[in-house]
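Novice:
Numbering (the working numbering), first residue to last: 231 to 872.
1. Which same chain residues end up closer than 6 Å to residue 725 when comparing Cβ atoms and leaving out the 5 residues on each side of it in sequence?
2. With C-beta atoms as the reference, is residue 800 less than 8 Å away from residue 773?
3. Roughly how many angstroms lie between the CA atoms of residue 378 and residue 567, to the nearest whole one?
4. For residue 288, which residues does DSSP report across the bridge?
5. For residue 396, I'd like the list of residues in its chain whose CB is within less than 7 Å of its CB, leaving aside the five on either flank, ordered along the chain.
6. Count the C-beta pairs between the region 784 to 795 and the region 746 to 755 that are closer than 8 Å, then say yes if the count reaches three, no if not.
7. Alpha carbon to alpha carbon, what distance is there between residue 744 and residue 721?
8. Given this structure, state the Cα-to-Cα distance separating residue 287 from residue 584, to the nearest angstrom.
9. Does the distance from the C-beta atom of residue 586 to that of residue 482 stay below 8 Å?
10. For residue 603, collect the residues of the same chain with a Cβ closer than 7 Å to its Cβ; drop the 5 residues on either side in sequence, then sort them by chain order.
11. Are the beta-carbon atoms belonging to residue 276 and residue 433 less than 8 Å from one another?
12. Do the CB positions of residue 656 and residue 676 come within less than 8 Å of each other?
13. Is the beta carbon of residue 270 closer than 8 Å to that of residue 350?
14. Under the three-state reduction of DSSP, which class applies to residue 856: helix, strand or coil?
15. Name, in chain order, the residues that DSSP records as bridge partners for residue 832.
16. Give the C-beta separation of residue 678 and residue 639 to the nearest angstrom, bearing in mind that I take them to be a contact with Cβ-Cβ under 8 Å.
17. Spatial neighbours of residue 375 within its chain, please: C-beta separation below 7 Å, excluding the five flanking residues on both sides.
18. Could you give the C-beta distance for residue 515 and residue 581, rounded to a whole number, given that I count them as a contact under 8 Å?
19. For residue 438 versus residue 451, is the C-beta spacing smaller than 8 Å?
20. Count the other CB atoms within 10 Å of the CB of residue 297; is the residue buried (16 or more) or exposed (fewer)?
21. Do residue 529 and residue 552 have their beta-carbon atoms positioned less than 8 Å apart in this structure?
22. Tell me where the alpha helix (DSSP H) around residue 405 begins and ends.
23. Which class does residue 466 belong to by DSSP, given the choice of helix, strand or coil?
24. Which residues does DSSP pair with residue 784 in a beta bridge?
25. Name the residue from 649, 457 and 410 whose alpha carbon lies nearest to the alpha carbon of residue 487.
26. For residue 307 and residue 314, I'd like the C-alpha separation in whole angstroms.
27. So does the region 410 to 428 actually touch the region 381 to 401, counting three or more Cβ pairs closer than 8 Å?
28. Under a three-way DSSP split, which group does residue 743 fall into?
29. By Cβ distance below 6 Å, which residues in the same chain neighbour residue 426 in space, the five residues on each side in sequence not counted?
30. Taking all protein chains shown into account, decide if residue 246 is buried (16 or more other Cβ within 10 angstroms of its Cβ) or exposed.
31. Measuring only the C-alpha atoms, how far is residue 477 from residue 459?
32. Would you kindly report the start and end of the unbroken beta strand (DSSP E) that includes residue 665?
33. Just confirm the distance between the C-beta atoms of residue 527 and residue 492, as a whole number of angstroms; I'd bet it's less than 8 Å.
34. Can you tell me the Cα-Cα spacing of residue 279 and residue 689, whole angstroms?
35. How would you call residue 284, buried or exposed, if buried means at least 16 neighbouring beta carbons within 10 angstroms?
36. What does DSSP give as the partner residue(s) for residue 392 in the beta ladder?
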């Protein structure tokens, strides 16, 4: 085995930029970005596992708010770095773009190819402690306030703080996120456990343990069958068309490919893709390769088995993927991701590798499992026939969209420049009237909905297109739907859902988001969908403190803000709670909810397609038991307004 030492650690550049613009490195400073710090450190242990040196990762949520992540890999090098002339471990944790992942001598496959993970976590922590077991010794280094070392070196080396067996190697990182940077520094055990389970599925036989010192919860994750079990887990509450998932694996050049999939009776498809254990949410070339090969192979079988005659057209890829749940996982020596948060893969060789492995291995598998093949083909033919039979009806409905009279509902804006226009979707004519009065008529359009739209989960496109409210929305947006969708024709830069802060308002928002997610996902993926955040309270008060006399007023957007306001010691003269948009006059609505200078908008994003699919299906489908279980589990986090 080649020695892993300081000469393998290549330095590209130096750390303050991370604290100034953390979003560039971890996506956000909210809960999502906070937990991303954990994944960055875990990634280093996974890279050791992929290289064949790590069999265990232990994650511990500490009572004092920190988190500890330990692996039994080789341990970060502790020798003196050849160009930086300090311990190599300190280079790794304090300098951006320093790591052993830029060449192939240490890691042939890695998820953390930018070499910024460990140093970014350090930069965004108020304290980090690193302990390294190597060569029978335990080394320690500590950093504070964004990566400043406080441990004194001994003759230029990290101090040895203990001894261990020579065979006992690994790295333990303990860190405390900086509360001056993050909106919250409270780690959520359920988020961590969900992610660890996913990591275990993607890394066969890797043992991962989780300990929550706060609640006493301990969990272990180890998956013998990898992504095949992953698919079974995803489909556990669905009606499946064949009992066991299809599992394929192979290698094309240096790229390792694993594919598992199972068909359900759903109308939608769910394809989850991973490269080097990183969830590439937006897919990319590996998904393209899978879709191409799946369509070609199943069309070949459809003709061989007589499902398609010589004169028949090929089955469309959408028909073949109807109801599929798939996980694609590849190991690539040089993946090209988009950005540090790695949402899309761009390597063209990934497409050909997945295509090649699927084409050869699927034929072997299907030849041995003909009944499963037949059930998949019958599902595809059923989808094909339904689509062909309804093409005329669907086309007729789509043509009608041009004739939909939106004038009676839509209050359009005068500007014709999409980049400066936005549309508010509101519930009912009453709220719609107030918003129409308060808006900026040049750039803000208003579309009131009359009642709740159709629950589109488990509904066909044809059924959806006869719903008047949905037809009006599609006509107003101008970008079509389904295969005719073209986001370049969207008439508005922002689609803003504005509903009351009650149960009905939440339900309407959920129905709208389900519709967008299932039939216009590009709107969400391209960042066009927002949730308007009207204030919950208006408070009149006399301010606390000297020189702050006289009555003042302020809007508060949630109970947390109200509680904080009370603690500041102000004398509250009047507290008004808004239960609906109709309780605000036009001026109040403008200054709190519509004015781009002062309003609060929440952009709808998808950080985890697997979770989005799972929760959407659970909450909106007709399968009651899992929905009841989810509601009971989450009820403790809900706030009841009676």
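C-beta atoms are modelled at their ideal positions from N, C-alpha and C, and glycine is treated no differently.
Specialist: Working from what's here:
1. For the purposes of this step, residue 725 is taken as the residue at position 495 of the chain shown. 653, 758 and 759.
2. Translated into positions along the chain shown, residue 800 becomes position 570. Translated into positions along the chain shown, residue 773 becomes position 543. A contact, by the Cβ cut-off of 8 Å.
3. Walking along the chain shown from the start, residue 378 turns up at place 148. Walking along the chain shown from the start, residue 567 turns up at place 337. Cα-Cα distance, rounded: 30 Å.
4. On the chain shown, position 58 is the one that residue 288 refers to. DSSP lists 300 and 439 as partners of residue 288.
5. Walking along the chain shown from the start, residue 396 turns up at place 166. 365 and 366.
6. no
7. On the chain shown, residue 721 is found 491 positions in, with the first residue counted as 1. On the chain shown, residue 744 is found 514 positions in, with the first residue counted as 1. The alpha-carbon atoms of residue 721 and residue 744 are separated by roughly 21 Å.
8. Looking up residue 287 in the chain shown gives position 57. Looking up residue 584 in the chain shown gives position 354. When rounded, the distance between both Cα atoms is 29 Å.
9. Here residue 586 corresponds to residue number 356 of the chain shown, with the count starting at 1. Here residue 482 corresponds to residue number 252 of the chain shown, with the count starting at 1. The answer is yes: Cβ separation under 8 Å.
10. Walking along the chain shown from the start, residue 603 turns up at place 373. Only 531 and 596 meet the Cβ criterion.
11. The residue you call residue 276 lines up with position 46 of the chain shown. The residue you call residue 433 lines up with position 203 of the chain shown. Yes.
12. The residue you call residue 656 lines up with position 426 of the chain shown. The residue you call residue 676 lines up with position 446 of the chain shown. Cβ distance < 8 Å, so residue 656 and residue 676 count as in contact.
13. Here residue 350 is taken as the residue at index 120 of the chain shown, counted from 1. Here residue 270 is taken as the residue at index 40 of the chain shown, counted from 1. Yes, these two residues count as a Cβ contact at 8 Å.
14. Taking the first residue of the chain shown as position 1, residue 856 is located at position 626. Note that residue 856 has pLDDT 49, beneath the 50 cutoff, so the model's placement of it is unreliable and no number is given.
15. Here residue 832 corresponds to residue number 602 of the chain shown, with the count starting at 1. DSSP lists 761 as partners of residue 832.
16. Translated into the one-based positions of the chain shown, residue 678 becomes position 448. Translated into the one-based positions of the chain shown, residue 639 becomes position 409. So it is a contact: roughly 6 Å between Cβ atoms.
17. Reading the chain shown from its first residue, position 145 is the one you call residue 375. Hits under 7 Å: 356.
18. By one-based count along the chain shown, residue 515 stands at place 285. By one-based count along the chain shown, residue 581 stands at place 351. Confirmed, about 4 Å.
19. For the purposes of this step, residue 438 is identified with residue 208 of the chain shown, where counting begins at 1. For the purposes of this step, residue 451 is identified with residue 221 of the chain shown, where counting begins at 1. Yes, the Cβ-Cβ distance between residue 438 and residue 451 is below 8 Å.
20. Along the chain shown, read from residue 1 onward, the residue named residue 297 stands at position 67. So residue 297 counts as buried.
21. By one-based count along the chain shown, residue 552 stands at place 322. By one-based count along the chain shown, residue 529 stands at place 299. In this structure, residue 529 does not lie closer than 8 Å to residue 552 by Cβ.
22. The residue labelled residue 405 in the question sits at position 175 within the chain shown. Residue 405 -> not in any alpha helix (DSSP H); beta strand (DSSP E) instead, spanning 400 to 407.
23. What you label residue 466 is simply residue 236 of the chain shown in a count that begins at 1. In this structure, residue 466 counts as coil in the three-state DSSP scheme.
24. One-based indexing of the chain shown puts residue 784 at position 554. For residue 784, which the question treats as bridged, DSSP gives the partners 769.
25. Indexing the chain shown from 1 puts residue 487 at position 257. Ranking the options by Cα distance to residue 487, first place goes to 457.
26. Against the chain shown, residue 307 aligns to sequence position 77. Against the chain shown, residue 314 aligns to sequence position 84. When rounded, the distance between both Cα atoms is 14 Å.
27. no
28. Numbered from 1 along the chain shown, position 513 holds the residue referred to as residue 743. Looking at residue 743 - three-state DSSP - the assignment turns out to be helix.
29. As a position in the chain shown, residue 426 is number 196, starting the count at 1. Closer than 6 Å at Cβ, skipping near neighbours: 438, 440 and 451.
30. Here the question's residue 246 lines up with position 16 in the chain shown. By the 10 Å Cβ count, residue 246 comes out exposed.
31. Position 247 of the chain shown, counted from the start, is the residue given in the question as residue 477. Position 229 of the chain shown, counted from the start, is the residue given in the question as residue 459. Taking the straight line joining both Cα atoms gives about 10 Å.
32. Reading the chain shown from its first residue, position 435 is the one you call residue 665. Segment 658 to 668 is the alpha helix (DSSP H) holding residue 665; no beta strand (DSSP E) there.
33. If you number the chain shown from 1, residue 527 lands on position 297. If you number the chain shown from 1, residue 492 lands on position 262. That belief does not hold up - the Cβ atoms of residue 527 and residue 492 are roughly 16 Å apart, past 8 Å.
34. Taking the chain shown and counting its residues from 1, one reaches residue 279 at position 49. Taking the chain shown and counting its residues from 1, one reaches residue 689 at position 459. Roughly 43 Å separates the two Cα atoms.
35. Within the chain shown, the letter at position 54 stands for residue 284. Buried, by the Cβ-count rule.
36. Stepping through the chain shown from its first residue, residue 392 is reached at position 162. Beta-bridge pairing links residue 392 to 368.
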